[in-house]
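Numbering (this note's numbering), first residue to last: 28 to 321.
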């Protein structure tokens with residue numbers, strides 16, 4: 028067992044690579060016991076953030092090193108926000124204009140993903156880099172990205188409220204600010220199968236049902252969410268789960284009356300989720316779950 032300790036030196040992070048000591052903010056000293064085999068990973072995350080995370084978490088990621096680092100953050104944030112499901116669920120991303128994607132590999136949980144667990148695949152699902160097996164549901168990612176040039180990141184998870192919501196046959200409404208994020212056009216539901224999406228044809232059907240929406244329910248299965256950045260896709264998945272939970276509380280049955288805001292008001296309400304706010308929220312969640320220094 029080793030100790031990771033934080034101190035401050037301006038806005039820089041200095042790492043003693045021999046003992047895994049990270050100097051953070053002067054106002055805080057954090058002594059955190061971590062398993063010896065996890066020290067290298069914590070160094071990789073904390074040591075890499077040698078400037079404010081706002082400069083690292085960028086909509087226009089220009090290099091694969093930053094992309095992979097942010098994919099790891101997204102996986103771990105999602106795990107901490109109720110999207111963990113054993114070794115299942117995955118996040119992918121591509122550089123703008125690229126015809127290959129990086130995605131979480133199979134066999135590890137969202138909460139334990141490291142850069143070494145990421146794999147690069149082409150749009151036909153062939154693994155090009157990485158030693159992990161690719162998830163069988165790679166067509167979710169390749170076909171949504173192929174169909175939507177605006178999409179740079181895809182999240183597929185199995186959160187409990189999202190699954191329960193779709194199983195109840197409800198339509199997501201702007202009952203909350205979180206619901207307003209998706210309205211209009213709302214969140215469609217994929218009903219062709221509740222099994223894994225393993226084929227290109229299934230992925231194409233999923234993409235057609237998604238259309239121009241930000242997210243889609245997979246009935247009796249999970250959710251898929253898209254974004255123009257890793258931060259946007261991950262945060263949207265968190266908002267969707269929260270929106271589903273709140274509407275389930277407000278509308279315990281399909282026949283129950285529930286008040287929701289108008290389409291015009293929903294458009295105004297979702298203005299709080301502008302790109303800078305999404306970035307700031309992603310950064311906050313990274314700090315909340317101890318993935319970067321405070």
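The beta-carbon is built from N, C-alpha and C at its ideal position, and this holds for glycine as well.
Item, Value
"Residue(s) in a DSSP beta bridge with residue 1", "For residue 1 there is no data in the structure shown, the boundaries of the chain being 28 and 321."
"Status (buried if at least 16 other CB within 10 Å, exposed otherwise) for residue 76", "Confidence in residue 76 is poor, its pLDDT being 31 and thus under 50, which makes the residue's placement unreliable; the coordinate value appears in the next sentence. Buried is the call here."
"Whole-number beta carbon distance between residue 206 and residue 270, since they are thought to touch under 8 Å", "4 Å"
"CA-to-CA distance, residue 114 to residue 91, given in whole angstroms", "24 Å"
"Any 3 or more C-beta pairs closer than 8 Å across the segment 157–171 and the segment 231–238", "yes"
"Candidates 226, 302, 236, 102, of which the one nearest residue 153 by Cα", "226"
"Residue span of the alpha helix (DSSP H) that contains residue 237, given as start and end", "227–237"
"Cα-Cα separation between residue 247 and residue 282, rounded to whole angstroms", "20 Å"
"At least three beta-carbon pairs within less than 8 Å, the segment 192–200 to the segment 240–258", "yes"
"8 Å CB neighbourhood of residue 285 in its chain, flanking five on each side removed", "200, 202, 274, 277, 278"
"Within 9 Å, strictly: CB atoms of residue 240 and residue 213", "yes"
"Residue 165, buried or exposed, once every other Cβ within 10 Å from all chains shown has been counted against 16", "buried"
"Residues that residue 242 bridges to, as DSSP identifies them", "252"
"Endpoints, beta strand (DSSP E) assigned at residue 158", "Counting along the chain, residue 158 falls outside any beta strand (DSSP E), and DSSP gives it neither H nor E."
"Where the alpha helix (DSSP H) through residue 210 begins and ends", "No alpha helix (DSSP H) contains residue 210, which DSSP labels as neither H nor E."
"Length-filtered (4 minimum) alpha helix (DSSP H) runs lying within the segment 257–302", "257–277, 290–296"
"Under 9 Å between C-beta atoms of residue 294 and residue 211", "yes"
"8 Å contact criterion, which residue 178 and residue 118 should meet: CB distance rounded", "The pair is not a contact, with the Cβ atoms about 13 Å apart (cut-off 8 Å)."
"Start-to-end residues for the beta strand (DSSP E) that takes in residue 195", "Where residue 195 is concerned, there is no enclosing beta strand (DSSP E), given that its DSSP letter is neither H nor E."
"Selection from 141, 138, 160, 140 that minimises the alpha carbon distance to residue 148", "160"
"Minimum C-alpha distance to residue 266 - residue among 296, 204, 236", "204"
"Per DSSP, the bridge partner or partners of residue 128", "148"
"Straight-line gap, residue 313 to residue 108 (C-alpha atoms, nearest Å)", "11 Å"
"CA-to-CA distance, residue 259 to residue 150, given in whole angstroms", "22 Å"
"Outcome for residue 272 when other beta-carbon atoms lying within 10 angstroms are tallied against a minimum of 16", "buried"
"Where residue 153 falls: helix, strand or coil (DSSP)", "coil"
"Residue of 136, 134, 129 minimising C-alpha distance to residue 145", "129"
"Integer-rounded CB distance, given that residue 140 should sit under 8 Å from residue 103", "6 Å"
"Best match in 304, 101, 301, 208 for proximity to residue 290 [C-alpha to C-alpha]", "208"
"Beta-carbon proximity check, residue 217 vs residue 197, cutoff 9 Å", "no"
"Test item: CB-CB of residue 110 and residue 184 under 9 Å", "yes"
"Where residue 216 falls: helix, strand or coil (DSSP)", "strand"
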